Amino acid sequence: MGAAVVSPQTSDFVTVVRQRSWEWLAAFQRRLSVDRLQIVDERGSPLIPETGASSAAMATAMARMPEVTSAISQAVHSKSPQSVRVGQIQLTCVGLPASDGHGALLLARTVTEATASEAKSELELIGSWLRPAVEAHIGSVREDSTAHAPRVSALFRVLSGAGTSTNESALLRLYANALAIWHDIELHAYVEGCRWRLSPRRGSSR
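Anchor point for the sequence shown: position 185 equals 185 in my numbering, and the numbering is continuous, going up by one each time.
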């Protein structure tokens, strides 16, 4: 008598992610010029619909890259973003721990030699402050899944203005406003201006 084949059990993490609506995350992807923004399980399997033909094409290419699988594996057991570049794709993975199962937020962008370093920094920054929103959405009760909508909408308005900018001051201002939105704090910073003068910049939730 042959041994019975047992199919792998779907973790709570996978089930919960698939139950949620992720349209707001797709909106972020477009605003931030991220070619692929996906939530994956520990094996790298996508859990939410791909957004657009370019994202689907990149997903197909990345599925054949062992470097991607390795980055995801490291990310799910780490608190720090894990980044890797494979050819013209710059990839960042941010771990999403859960009580049953693990996953990762995956961000990718097509790059050149000239843009790879900047893209890596931007993807890691984006992933770091998107993670709390994704974790809150996963952890929310399904019936109350819109409870975080005001905070997400506020952050979306901030990103709309500066999310696609390559200007360092704009990205710092973006991050300051994100902190103000999520944690209700004000962040003061200074940027170098003309004649070595420091000009004040302030992040505010107002």
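Heads up, the beta-carbon is just placed ideally off N, CA and C, and yes, glycines get one too.
Because the structure is a prediction, the values reported are computed rather than measured.
When the distance is taken between beta carbons, is residue j closer than 7 angstroms to residue i?
i           : j           : result
residue 109 : residue 16  : no
residue 73  : residue 120 : no
residue 47  : residue 39  : yes
residue 75  : residue 44  : no
residue 60  : residue 26  : no
residue 93  : residue 116 : no
residue 58  : residue 85  : no
Could you please give me the residues that DSSP links to residue i through a beta bridge?
i          : result
residue 41 : 103
residue 48 : Bridge partners of residue 48: none, in fact.
residue 18 : DSSP lists no partner for residue 18.
residue 83 : 92
residue 36 : 108
residue 97 : 102
Contact defined as beta carbons within less than 8 angstroms: I believe residue i pairs with residue j. What is the distance between those atoms, to the nearest angstrom?
i           : j           : result
residue 127 : residue 81  : 5 angstroms
residue 106 : residue 131 : That pair is no contact at about 12 angstroms.
residue 68  : residue 90  : Rounded, the Cβ-Cβ distance is 11 angstroms, inconsistent with contact.
Using only the alpha-carbon positions, how far apart do residue i and residue j sit?
i           : j           : result
residue 77  : residue 102 : 8 angstroms
residue 113 : residue 122 : 15 angstroms
residue 12  : residue 137 : 14 angstroms
residue 63  : residue 129 : 26 angstroms
residue 21  : residue 118 : 31 angstroms
residue 88  : residue 30  : 19 angstroms
residue 79  : residue 133 : 15 angstroms
residue 24  : residue 139 : 16 angstroms
residue 54  : residue 97  : 28 angstroms
residue 28  : residue 135 : 16 angstroms
Within the same chain, show all residues whose beta-carbon is closer than 7 angstroms to that of residue i, passing over the 5 residues directly before and after it, in chain order.
i           : result
residue 124 : 81, 83, 92
residue 56  : 50
Using a C-beta cutoff of 7 angstroms, does residue i count as contacting chain C?
i           : result
residue 108 : This model lacks chain C altogether, as it is built from one protein chain only.
Once the 5 residues before and after residue i are set aside, which same chain residues still bring their CB inside 8 angstroms of it?
i           : result
residue 18  : 47, 48
residue 146 : Since pLDDT at residue 146 reaches only 49, below the 50 mark, its modelled position is unreliable, and no value is offered.
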